[in-house]
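As numbered in our numbering, residues 155 to 420 make up the sequence shown, in order.
Glycine included, C-beta positions come from ideal geometry on N, C-alpha and C.
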Amino acid sequence: MMRCFPCDLSEGEVHLWAAFPDEWTAPSLIASARDILDGDEIARMERFRFPEHRHLFLVSHLLVRMALSHYSDLPPEAWRFTNDEKGKPLIDPAAQPVSLSFSLAHTEGLAVVGVAGGSDIGVDVEAVGRRVDSAGLSRRFFSPQEAAVLENLPPGRLEEQFPLYWTLKEAYIKALGLGLSHPLDSFAFRLTGESPYRIDFSADEPQDSEKWRFALIEPRRSYIAAVCVASVRHQPFELRCYHAFPSGESAPLSAAPLGLSAGVVC
155 MMRCFPCDLS
165 EGEVHLWAAF
175 PDEWTAPSLI
185 ASARDILDGD
195 EIARMERFRF
205 PEHRHLFLVS
215 HLLVRMALSH
225 YSDLPPEAWR
235 FTNDEKGKPL
245 IDPAAQPVSL
255 SFSLAHTEGL
265 AVVGVAGGSD
275 IGVDVEAVGR
285 RVDSAGLSRR
295 FFSPQEAAVL
305 ENLPPGRLEE
315 QFPLYWTLKE
325 AYIKALGLGL
335 SHPLDSFAFR
345 LTGESPYRID
355 FSADEPQDSE
365 KWRFALIEPR
375 RSYIAAVCVA
385 SVRHQPFELR
395 CYHAFPSGES
405 APLSAAPLGL
415 SAGVVC
């Protein structure tokens, strides 16, 4: 059974936990998953056709439980989850009245979980280098300002910059508890210039730009992760990153910061 060592989540901190599925392949771990995940998680995992997708789901959901147990006396198998009215996953307050919020994201080869002390949080992660129609997607989904910035970049730079915008947008709508049905052109990220990164909103998006803090990091070569957090009283936050191991142990993760908004330390 996993044993998770205590970890302090100080006021003004946000923690990002990363797990690499190729490190979570021990047969004993796979066998114990049914004792840790709940029935709904097991059923969802078994719907995946391909073994690698089932394994990524298993690692991702074990990571959520393990990460949360670093801040509580509860073992990983004891956590209970529910969804809010928008469908956003959260800790079941009836079962565990703790002031923690989390967000899960995964892609091939990497799972990440962001944990905050009750603030709205969203994370996203993408593997870079995949061939996509960056210009076409930005014209279709992004704000006119963002699309114009990207279209004016040289071809190589366009492929580098597009995933930054995409992961930030995904992280923001996940922090809100919304899916991709939320219009991605109703808000825009400014990632150019010498000033810190920031988010701006259209007239149809009643949000305070100063409320949101976000960070872009490289948790491992060829991956980009974005973290978006609603700041309480417009306070800054410090992002700490951890490498999670299947034993329940962890180590600091050396994640290169790619860009930060004002009020974020990484």
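Under the three-state reduction of DSSP, which class applies to residue i: helix, strand or coil?
i, result
"His285", "At residue 285 the sequence reads Arg, which differs from the His that was named. Residue state, collapsed to three classes: coil."
"Ala298", "According to the sequence displayed, residue 298 carries Pro and not Ala. Pro298 falls in the helix class under three-state DSSP."
"Glu108", "This structure leaves residue 108 out entirely; the chain is present only between 155 and 420."
"Val386", "helix"
"Ser226", "coil"
"Ala249", "coil"
"Asp162", "coil"
"Ser182", "helix"
"Asp354", "strand"
"Met155", "With a pLDDT of only 46 at Met155, under the threshold of 50, the placement of this residue in the model should not be trusted, and no figure is reported."
"Gly276", "strand"
"Pro308", "coil"
"Leu407", "coil"
"Leu422", "No information on residue 422 is available, as it lies outside the stretch 155 to 420 that the chain covers here."
"Leu291", "helix"
"Leu244", "strand"
Could you spell out the range, first to last residue, of the beta strand (DSSP E) harbouring residue i?
i, result
"Ser257", "Ser255 to Thr261"
"Arg234", "No beta strand (DSSP E) contains Arg234, which DSSP labels as neither H nor E."
"Glu392", "Phe391 to Ala398"
"Ala342", "Phe341 to Arg344"
"Pro411", "Ala410 to Leu414"
"His169", "Glu167 to Ala173"
"Arg367", "Trp366 to Glu372"
Taking 7 Å as the threshold (C-beta atoms), are residue j and residue i in contact?
i, j, result
"Ser255", "Ala384", "no"
"Arg344", "Ser415", "no"
"Ala409", "Pro373", "yes"
"Pro317", "Val282", "yes"
"Val213", "Leu258", "no"
"Val279", "Leu264", "yes"
"Ser297", "Asp339", "yes"
"Val252", "Leu393", "no"
"Cys395", "Ala325", "no"
"Glu313", "Ser335", "no"
"Leu407", "Ala172", "yes"
"Pro390", "Gly413", "no"
"Tyr225", "Leu163", "yes"
"Asp238", "Gly331", "yes"
"Ala248", "Gln299", "no"
"Ala302", "Arg293", "no"
Could you give the C-beta distance for residue i and residue j, rounded to a whole number, given that I count them as a contact under 8 Å?
i, j, result
"Ala329", "Leu170", "That pair is no contact at about 14 Å."
"Ala327", "Gly402", "The identity of residue 327 in the sequence shown is Ile, whereas the question assumes Ala. Incorrect: roughly 31 Å between the Cβ atoms, too far for contact."
"Leu191", "Pro400", "With 8 Å as the limit, Leu191 and Pro400 do not qualify as a contact, their Cβ atoms being about 14 Å apart."
"Asp189", "Glu231", "6 Å"
If you follow the alpha helix (DSSP H) that residue i is part of, which residue opens it and which one closes it?
i, result
"Gly402", "Segment: none, Gly402 is in no alpha helix (DSSP H) and carries neither H nor E."
"Gly268", "Premise fails: Gly268 lies in the beta strand (DSSP E), Leu264 to Ala270, not in any alpha helix (DSSP H)."
### Task
Entirely within the segment 188-218 and at least 4 residues each: give me those alpha helix (DSSP H) ranges in chain order.
193-200
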